[in-house]
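S.K.: When we follow numbering that gives the first Met the number 0, the leftmost residue of the sequence shown carries the number 0, and every step to the right adds one.
Note that CB positions come from ideal geometry on N, CA and C, so glycine has one too.
For reference, the structure I am asking about is given below.
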Amino acid sequence: MCAKTSYGYAGAVLRVDLTRRKIVKQALPLEWCVKFIGGSGINDWILWNDVGPNIDPLSPDNELIFGVGPLAGSMLPLGSKVRVTTRSPLTGIFGDSNAGGFWAYELKRAGYDHLIIRGKSEKPVYIFIDDDNIEIRDAVHLWGLDVYETDEAIKNEVGKNVRTACIGQAGENQVKFASIMFDKYRAAAKTGVGCVMGSKNLKAIAVKGTKKIQVANPEKVEELAEDLRISLTSPGVRNWANYGTTSLCILYNEIGCHSVKNYQDAVAPEISDFPENFIDNFAKGNVTCSHGCVVACVHPWKIKEGKYAGESGGKIDYIIICSLGIHLGIYDVGSILHLQNLVNRLGLDATETGTLIGMLMELYQRGMLAPEISEGLMYEWGNPDVVEKTAEKIALRKGVGDVFAEGAVSTARKLNAEKYVCHSKGLTEVEDVRGFPTWALAYAISTRGADHLKAHCQIDKQQRADTSLRLFGAPDAGYPTTLNLKAKSIKYHEDFNAVINSLGICHFPALSLMLKKPKRAVYMGDYALLFSAVTGINMSLEEIAKCGERIVCLEKAYNARLGISRKDDTLHGRWMWEPCPSGLGKGMKCEDYLEKLLDEYYAERKFNPRTGIPTVKTLKEIGLEEVAADLVKRGVISE
Ligand code: SF4
Numbered sequence: 000m001c002a003k004t005s006y007g008y009a010g011a012v013l014r015v016d017l018t019r020r021k022i023v024k025q026a027l028p029l030e031w032c033v034k035f036i037g038g039s040g041i042n043d044w045i046l047w048n049d050v051g052p053n054i055d056p057l058s059p060d061n062e063l064i065f066g067v068g069p070l071a072g073s074m075l076p077l078g079s080k081v082r083v084t085t086r087s088p089l090t091g092i093f094g095d096s097n098a099g100g101f102w103a104y105e106l107k108r109a110g111y112d113h114l115i116i117r118g119k120s121e122k123p124v125y126i127f128i129d130d131d132n133i134e135i136r137d138a139v140h141l142w143g144l145d146v147y148e149t150d151e152a153i154k155n156e157v158g159k160n161v162r163t164a165c166i167g168q169a170g171e172n173q174v175k176f177a178s179i180m181f182d183k184y185r186a187a188a189k190t191g192v193g194c195v196m197g198s199k200n201l202k203a204i205a206v207k208g209t210k211k212i213q214v215a216n217p218e219k220v221e222e223l224a225e226d227l228r229i230s231l232t233s234p235g236v237r238n239w240a241n242y243g244t245t246s247l248c249i250l251y252n253e254i255g256c257h258s259v260k261n262y263q264d265a266v267a268p269e270i271s272d273f274p275e276n277f278i279d280n281f282a283k284g285n286v287t288c289s290h291g292c293v294v295a296c297v298h299p300w301k302i303k304e305g306k307y308a309g310e311s312g313g314k315i316d317y318i319i320i321c322s323l324g325i326h327l328g329i330y331d332v333g334s335i336l337h338l339q340n341l342v343n344r345l346g347l348d349a350t351e352t353g354t355l356i357g358m359l360m361e362l363y364q365r366g367m368l369a370p371e372i373s374e375g376l377m378y379e380w381g382n383p384d385v386v387e388k389t390a391e392k393i394a395l396r397k398g399v400g401d402v403f404a405e406g407a408v409s410t411a412r413k414l415n416a417e418k419y420v421c422h423s424k425g426l427t428e429v430e431d432v433r434g435f436p437t438w439a440l441a442y443a444i445s446t447r448g449a450d451h452l453k454a455h456c457q458i459d460k461q462q463r464a465d466t467s468l469r470l471f472g473a474p475d476a477g478y479p480t481t482l483n484l485k486a487k488s489i490k491y492h493e494d495f496n497a498v499i500n501s502l503g504i505c506h507f508p509a510l511s512l513m514l515k516k517p518k519r520a521v522y523m524g525d526y527a528l529l530f531s532a533v534t535g536i537n538m539s540l541e542e543i544a545k546c547g548e549r550i551v552c553l554e555k556a557y558n559a560r561l562g563i564s565r566k567d568d569t570l571h572g573r574w575m576w577e578p579c580p581s582g583l584g585k586g587m588k589c590e591d592y593l594e595k596l597l598d599e600y601y602a603e604r605k606f607n608p609r610t611g612i613p614t615v616k617t618l619k620e621i622g623l624e625e626v627a628a629d630l631v632k633r634g635v636i637s638e
């Protein structure tokens with residue numbers, strides 16, 4: 000089966016080789032859509048086939064793969080996401096990240112579901128996609144500009160109606176945790192995707208398109224879209240529109256899972272008024288970031304007074320508030336917004352920047368920061384100036400910034416300070432997981448390293464025993480600090496999020512819809528209906544769940560091919576060995592329960608419990624026969 004798709008998808012894959020300056024357009028195989036849905040799933044399949052274990056993340060042969068799912072741009076609410084996939088230069092393993100905004104929609108309207116970039120240009124360039132006309136343009140004059148300046152300069156050159164994906168100075172200088180910024184303010188920040196873009200001398204990708212996206216069954220799509228709109232605007236879920244993820248500032252104080260001053264505490268009363276304070280004094284209304292989305296959870300902001308008066312920005316999320324605020328003892332809203340703008344402009348991952356500086360601040364607190372590392376800066380908690388100066392040094396690789404630019408874990412190893420950085424597989428994350436076994440397991444088994452999104456679950460933190468009962472037949476997944484049903488819940492959520500990420504929709508509201516009262520809750524089967532109505536490819540609940548499982552297992556297999564196994568599905572730093580100081584999980588630490596949860600998780604996945612790798616039988620059962628054969632041939636698994 001290799002026919003071209005006609006509904007939901009644009010139906011094409013665009014390959015750009017920057018070394019040969021060659022541009023090839025290929026039909027999107029229907030078989031890929033049936034097996035991997037789109038977005039992150041098809042990206043994973045391309046990565047598996049094109050980027051083998053001998054390809055260095057910074058070699059021209061590594062690929063930067065952009066993917067848009069079938070629901071993105073379909074006029075259904077939530078369809079805004081683009082996924083970027085690559086072999087990560089930060090961790091050396093599977094890497095990906097996603098971003099919202101209008102770029103995904105524009106790429107699809109230009110006629111492409113996936114854009115694959117390989118090779119390396121001799122000089123800085125940017126790609127301009129204008130429907131069928133694709134140009135590789137000179138970008139020497141843009142090199143050295145920050146993200147906001149680049150966006151503006153490109154719009155001046157090719158027209159205000161383009162959407163841009165840019166790197167800042169961090170990407171140019173191959174900082175290992177550089178981001179790609181979409182529509183100026185929306186970050187694909189994790190795992191160093193911007194570093195790979197910089198290694199290819201690619202400054203930006205500007206897109207505009209005029210094509211229409213057809214759906215297979217317009218009446219059914221409208222019926223399902225209306226149902227979704229009603230659910231998304233009903234009380235409870237509506238909270239996302241009012242506050243977005245900033246409402247987590249309050250919940251996380253109630254249950255105790257903030258990361259305060261590099262995880263030295265888990266509650267931060269100082270941040271409880273953030274949502275109201277932000278909305279009342281900084282937000283300028285709420286807008287949508289995709290056509291047809293009624294949630295409109297984006298709050299553009301402006302600082303009216305104080306040191307940063309006049310600054311404005313796009314969207315603020317909890318993860319920014321934590322990594323550039325709570326984690327560093329900074330609680331002033333204006334300072335956090337200013338620092339968000341700074342990392343956006345430079346093109347740095349806010350989380351990795353925050354965890355790195357948090358470690359430096361703790362070393363300073365303990366009198367352990369050598370003068371050659373501090374370079375005259377006073378790394379005091381709550382000091383935004385020191386964060387600003389350090390971020391600039393990192394992005395420009397100036398002085399000790401050249402060491403920091405390799406990442407928090409690499410820096411910690413050089414400073415003999417590994418106990419002060421929490422991570423999994425070389426990727427750091429904020430949010431304290433010690434008292435929340437569901438989250439500890441999610442971070443440990445995530446294919447891209449410690450991460451709150453790959454197996455994102457809210458059943459435990461929101462204490463939804465009713466949702467647990469409906470999904471798993473017992474309430475225990477809704478009890479946050481116990482171990483029962485946690486492995487089952489993580490397996491479900493990992494598969495569910497793989498489906499959502501492959502459809503190309505926002506998963507925070509999707510998780511909220513899952514938590515609603517049973518009568519109106521939206522589960523995996525509802526997305527099978529949406530997928531079928533949009534694409535015309537009939538997909539049952541069982542089939543779409545299997546797609547999710549297949550996508551997750553493909554990422555696990557990619558990592559297994561690189562030598563990743565059960566020994567790596569773990570956590571490092573004080574998450575593991577230091578009892579949580581406060582909150583519901585006070586006194587808990589991950590080393591006390593993680594191995595038990597891993598045993599249960601591998602049993603749920605039908606993986607080899609000793610290695611934590613999918614077996615031949617499991618891979619064959621989910622239609623990954625070629626993947627099984629490849630792993631057997633390489634001696635990673637045996638028949
Ligand atoms: S839910 Fe929010 S982020 Fe997602 S598409 Fe709608 S407005 Fe954008």
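Whole angstroms is fine: what's the gap from D401's alpha carbon to L440's?
M.R.: When rounded, the distance between both Cα atoms is 33 Å.
S.K.: Which same chain residues end up closer than 7 Å to L596 when comparing Cβ atoms and leaving out the 5 residues on each side of it in sequence?
M.R.: Same-chain partners within the cutoff: P436, L440, L482, K485 and A486.
S.K.: So the candidates are I504, P474 and H455; which of them puts its Cα closest to the Cα of Y491?
M.R.: Here the closest residue by C-alpha is H455.
S.K.: What are the start and end residues of the alpha helix (DSSP H) that includes G650?
M.R.: Summary: the structure shown does not reach residue 650, with the chain confined to residues 0 through 638, and so no result is reported for it.
S.K.: If I504 and G78 are in contact, beta carbons under 8 Å, what's the gap, nearest whole angstrom?
M.R.: That pair is a contact at about 5 Å.
S.K.: Output the residue ranges of the alpha helix (DSSP H) runs that lie fully inside the region 387-440 and measure 4 residues or longer, sorted by chain position.
M.R.: Those alpha helix (DSSP H) runs which fall completely within the region 387-440 and span 4+ residues are 400-403 and 407-413.
S.K.: Go to S96, then tell me how far its alpha helix (DSSP H) extends in each direction, as first and last residue.
M.R.: Element bounds for S96: not the alpha helix (DSSP H) but the beta strand (DSSP E), F93 to A98.
S.K.: Using only Cβ atoms and a threshold of 6 Å, which residues come within that distance of a heavy atom of ligand 1? Order them by chain position.
M.R.: This selection yields L77, S79, G99, T287, C288, S289, C292, V294, A295, C296, V297, C505 and P508.
S.K.: So what's I444 in DSSP terms, helix, strand or just coil?
M.R.: It is helical.
S.K.: Roughly how many whole angstroms lie between the Cα atoms of D137 and V192?
M.R.: If you take the alpha carbons of D137 and V192, they lie about 21 Å apart.
S.K.: What is the residue span of the alpha helix (DSSP H) that R609 lies within?
M.R.: Premise fails: R609 is in no alpha helix (DSSP H) and is neither H nor E.
S.K.: What residue range is occupied by the uninterrupted beta strand (DSSP E) comprising C165?
M.R.: Here the beta strand (DSSP E) through C165 covers R162 to C165.
S.K.: Please classify M360 as buried or exposed, where buried requires at least 16 neighbouring CB atoms within 10 angstroms.
M.R.: Buried is the call here.
S.K.: What separation, rounded to the nearest whole angstrom, lies between the Cα atoms of L618 and F530?
M.R.: If I take the Cα positions, the gap works out to 24 Å.
S.K.: Using a Cβ-Cβ cutoff of less than 6 Å, which residues in the same chain neighbour S690 once the five nearest sequence positions on both sides are dropped?
M.R.: Residue 690 cannot be examined here, being either before or after the span of the chain that is shown, 0 to 638.
S.K.: Three or more beta-carbon pairs under 8 Å between the region 104-119 and the region 66-73, yes or no?
M.R.: Touching, yes, given that three or more Cβ pairs across the two stretches are closer than 8 Å.
S.K.: Please tell me whether R346 and S120 are closer than 8 Å, where the distance is taken between their beta carbons.
M.R.: Note that residue 346 is Gly in the sequence shown here, rather than Arg. Against a cut-off of 8 Å, the Cβ pair of S120 and G346 comes out as no contact.
S.K.: With a threshold of 6 Å on Cβ separation, who are the neighbours of P59 within its own chain once the five nearest residues in sequence on each side are excluded?
M.R.: Closer than 6 Å at the Cβ level, and outside the excluded window around P59, lie T18, G118 and K119.
S.K.: When DSSP builds the beta bridges, which residues end up paired with D264?
M.R.: D264 is bridged to V259.
S.K.: With A26 as the anchor, note down where its beta strand (DSSP E) starts and where it stops.
M.R.: Looking at the DSSP string, the run of the beta strand (DSSP E) that includes A26 is K21 to A26.
S.K.: To the nearest angstrom, how far is it from the Cα of N607 to the Cα of A520?
M.R.: Approximately 34 Å, taken between the alpha carbons.
S.K.: For M207, write down the residues that DSSP places opposite it in a beta bridge.
M.R.: Looking at the sequence provided, one finds Lys at residue 207 rather than Met. According to DSSP, which records beta bridges pairwise, K207 is partnered with D129.
S.K.: Would you mind working out which of K21, T149 and P123 sits nearest V139, comparing C-alpha positions?
M.R.: For the residues K21, T149 and P123, the minimum Cα distance to V139 belongs to P123.
S.K.: Is it a yes or a no for the region 197-204 touching the region 160-175, going by three-plus beta-carbon pairs under 8 Å?
M.R.: With a cut-off of 8 Å, the region 160-175 and the region 197-204 count as touching, because enough Cβ pairs lie within range.
S.K.: For the beta strand (DSSP E) containing M180, list its first residue and its last residue.
M.R.: M180 -> beta strand (DSSP E) spans I179 to F181.
S.K.: Measure the CB-CB distance between T90 and G425 and report whether it falls below 8 Å.
M.R.: Against a cut-off of 8 Å, the Cβ pair of G425 and T90 comes out as a contact.
S.K.: Around the Cβ of E371, are there at least 16 other Cβ atoms within 10 angstroms (buried) or fewer (exposed)?
M.R.: Burial call: exposed.
S.K.: Whole angstroms are fine: how far does the CA of D567 sit from the CA of V631?
M.R.: Approximately 21 Å between the Cα atoms of the pair.
S.K.: Taking T84 as part of the beta strand (DSSP E), name the residues at either end of that continuous run.
M.R.: T84 -> beta strand (DSSP E) spans V81 to R86.
S.K.: Skipping 5 residues on each side, what residues in its chain have a beta carbon closer than 7 Å to that of M513?
M.R.: Closer than 7 Å at Cβ, skipping near neighbours: T466, A520, V521 and Y522.
S.K.: Can you confirm whether the region 171-188 touches the region 227-235 when touching is taken to mean that 3 or more C-beta pairs between the two stretches lie within less than 8 Å?
M.R.: In short, these stretches do not touch, since the Cβ pair count stays below three.
S.K.: Rank D150, Y111 and D131 by C-alpha distance to the C-alpha of Y125 and give the top, closest one.
M.R.: Selected option, being the one with the closest Cα: D150.
S.K.: If you reduce the DSSP assignment to three classes, tell me which class G66 lands in.
M.R.: Strand, per DSSP.
S.K.: Cα separation between G7 and E222?
M.R.: Going by the C-alpha atoms only, they are around 16 Å apart.
S.K.: In this structure, how does DSSP classify L144 when only helix, strand and coil are distinguished?
M.R.: L144: coil per DSSP, three-state reduction.
S.K.: With DSSP run on the structure shown, which of helix, strand or coil describes G10?
M.R.: In the structure shown, G10 sits in coil (DSSP, three-state: anything other than H, G, I, E or B).
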